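J.: The listed protein sequences derive, respectively, from chains U and P.
Sequence positions in the first sequence follow our numbering and run 9 to 209.
Sequence positions in the second sequence follow our numbering and run 85 to 234.
First the structure, then my questions, so here it is.
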Amino acid sequence: MPDLIAKLAGILPVVVLSNGTLFTGRRLAAIEVLAGLDVKIQISLDHPDPDPNDEMRGPENFAKVIAAIPELLARGVGVRIATTLEDPEAIDSRERARLCALHRSLGVGDEDHVVRPIVRRGRAESNDLGVMAGFDDLEPELTITADGAFASPFGPTIHSGRLDTDLLVTRTTAPLSVPAAALARIAGPREGGRDSRLGIR
Amino acid sequence: MNRCEPAEVEDHMTSPARVRSSSLIPLVKRSQAPLLAAPHYAHTGTSPIVTSLAHVPEALDVTLPFVSVVLGPSAIDGRTKELVILRTSGLLECRYCIQTHSAAALDRGVTATEVRALRDGTTWETAFTSRARRVNSASRRSGSPEASRS
Numbered sequence: 009m010p011d012l013i014a015k016l017a018g019i020l021p022v023v024v025l026s027n028g029t030l031f032t033g034r035r036l037a038a039i040e041v042l043a044g045l046d047v048k049i050q051i052s053l054d055h056p057d058p059d060p061n062d063e064m065r066g067p068e069n070f071a072k073v074i075a076a077i078p079e080l081l082a083r084g085v086g087v088r089i090a091t092t093l094e095d096p097e098a099i100d101s102r103e104r105a106r107l108c109a110l111h112r113s114l115g116v117g118d119e120d121h122v123v124r125p126i127v128r129r130g131r132a133e134s135n136d137l138g139v140m141a142g143f144d145d146l147e148p149e150l151t152i153t154a155d156g157a158f159a160s161p162f163g164p165t166i167h168s169g170r171l172d173t174d175l176l177v178t179r180t181t182a183p184l185s186v187p188a189a190a191l192a193r194i195a196g197p198r199e200g201g202r203d204s205r206l207g208i209r
Numbered sequence: 085m086n087r088c089e090p091a092e093v094e095d096h097m098t099s100p101a102r103v104r105s106s107s108l109i110p111l112v113k114r115s116q117a118p119l120l121a122a123p124h125y126a127h128t129g130t131s132p133i134v135t136s137l138a139h140v141p142e143a144l145d146v147t148l149p150f151v152s153v154v155l156g157p158s159a160i161d162g163r164t165k166e167l168v169i170l171r172t173s174g175l176l177e178c179r180y181c182i183q184t185h186s187a188a189a190l191d192r193g194v195t196a197t198e199v200r201a202l203r204d205g206t207t208w209e210t211a212f213t214s215r216a217r218r219v220n221s222a223s224r225r226s227g228s229p230e231a232s233r234s
């Protein structure tokens with residue numbers, strides 16, 4: 009996987025979504041091929057304190073993420089932190105300040121910290137959380153999965169035990185030019201700037 | 085010709101004993117229409133061909149024009165087309181095609197007796213004229229698994 013990501017980074021900027029909990033030992037060594045490349049590992053960190061963060065992200069998530077980020081940066085691998093909140097506008101200013109102080113202390117600058125709302129898909133939809141977001145509300149990011157190519161990493165969610173296909177682009181994933189051309193054709197006529205209104209990144 | 089009302093035929097034709105072995109795929113609902121398929125859902129009453137092919141959205145733009153030409157006006161009348169399609173569906177044991185084209189065949193003037201024969205082939209001699217049986221022979225050649233593999 010790191011070699012594939014390195015090749016992709018030679019063509020386009022790459023963001024790799026990760027929960028950041030498994031970057032230890034062998035995996036850290038394997039990821040060193042990404043050093044200095046236009047790659048960001050996007051890791052979620054929702055709260056400056058462990059308990060509220062782990063309530064949504066799982067036990068020990070906070071501690072593992074806090075440990076992994078400096079290790080990645082020390083190896084020259086870029087990190088982006090994503091904070092996902094039910095209502096980003098409602099976050100307490102002091103809490104936000106502590107969160108930003110935390111990511112800066114870990115070596116992640118403000119330009120690599122995004123705060124975004126929960127998207128009402130998959131488990132969030134089942135739990136009645138988040139904002140509704142359709143194709144026009146999301147930046148087009150070709151997302152390759154075993155089920156096909158999607159227009160966004162928010163696309164391949166499961167609802168009522170069935171894969172959501174409303175953001176499916178093509179079932180064909182190779183050659184990559186097939187879904188890439190299809191997504192360009194679909195996204196081309198969209199209204200400019202519409203996909204930044206909800207701040208979903 | 086001994087014709088049944090569509091409701092009676094539908095009940096008989098979809099009884100469990102008549103259901104073939106291949107699986108049915110769920111039709112893709114409008115709310116789940118993939119991006120390439122969404123324009124095909126613009127009108128109400130989207131066809132089952134669209135809602136089934138939508139599982140592989142990139143297939144729609146290449147398949148629908150072909151289907152349109154095949155099923156559209158041509159030198160071959162609609163009834164004959166449905167005879168071939170339904171018999172081929174029966175030979176391939178495609179449950180979806182059998183159910184869909186049973187209804188389509190009835191709409192095109194194929195009788196219930198003929199539909200039954202096309203689906204399972206057991207009442208062939210009594211249901212059809214010699215000319216229609218020649219059509220069946222052509223369907224068998226093109227629709228048999230052996231033919232598909234050749």
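Cβ atoms here follow ideal geometry from the backbone N, Cα and C, with glycine treated the same way.
If you're wondering where the values come from, they're calculated on a predicted model, not measured in any experiment.
Which of helix, strand or coil does DSSP assign to Ile160 (chain P)?
T.: coil
J.: Would you check if the distance between the CB atom of Ala138 (chain P) and the CB atom of Ala117 (chain P) is smaller than 8 Å?
T.: yes
J.: Considering only residues of the region 121-174 of chain P, which uninterrupted alpha helix (DSSP H) runs meet the minimum length of 4 residues and lie entirely inside it, listed in chain order?
T.: 132-137 and 144-155
J.: Who are the Cβ neighbours of Thr180 (chain U) in its own chain at under 8 Å, not counting the five residues just before and after it?
T.: Gly156, Ala157, Val186 and Pro187
J.: Name, please, each residue of chain P whose Cβ falls closer than 9 Å to the Cβ of Ala190 (chain U).
T.: Under the 9 Å cutoff, chain P gives Leu119, Leu120, Pro141 and Glu142.
J.: In this structure, how does DSSP classify Arg106 (chain U) when only helix, strand and coil are distinguished?
T.: helix
J.: Less than 8 Å between the beta carbons of Ile203 (chain U) and Leu146 (chain U), yes or no?
T.: Reading off the sequence shown, one finds Asp at residue 203 (chain U), where the question assumed Ile. Yes; because the gap between Cβ atoms is below 8 Å, this pair is in contact.
J.: Please list, in chain order, all residues of the same chain as His124 (chain P) whose beta carbon is under 8 Å from its beta carbon, the five residues on each side excluded.
T.: Cβ within range, chain order: Ala117, Thr130, Val134, Ala138, Leu144 and Leu148.
J.: Measure from the alpha carbon of Glu79 (chain U) to the alpha carbon of each residue in U:Pro96, U:Asp59 and U:Gly33, then state which is nearest.
T.: U:Gly33
J.: Taking only beta-carbon atoms, is Ser115 (chain P) less than 8 Å away from chain U?
T.: yes
J.: Check the DSSP bridge columns for Thr86 (chain U) and list the partner residues they point to.
T.: The residue you asked about is not Thr; residue 86 (chain U) is Gly in the sequence shown. DSSP lists U:Lys48 as partners of Gly86 (chain U).
J.: Indicate the three-state DSSP secondary structure (helix, strand or coil) for His55 (chain U) in the structure shown.
T.: coil
J.: Are three or more beta carbon pairs between the region 74-91 of chain U and the region 107-122 of chain U nearer than 8 Å?
T.: yes
J.: Compute the Euclidean distance between the alpha carbons of Val177 (chain U) and Leu119 (chain P), then round it to the nearest angstrom.
T.: Between Val177 (chain U) and Leu119 (chain P), the alpha-carbon positions lie close to 6 Å from each other.
J.: Consult DSSP for Arg218 (chain P) and reduce its assignment to one of helix, strand or coil.
T.: helix
J.: With 8 Å as the threshold, decide whether the Cβ of Val24 (chain U) is near any Cβ in chain P.
T.: no
J.: Between U:Glu149, U:Ala182 and U:Ile39, which lies nearest to Leu20 (chain U) when the distance is taken from Cα to Cα?
T.: U:Glu149
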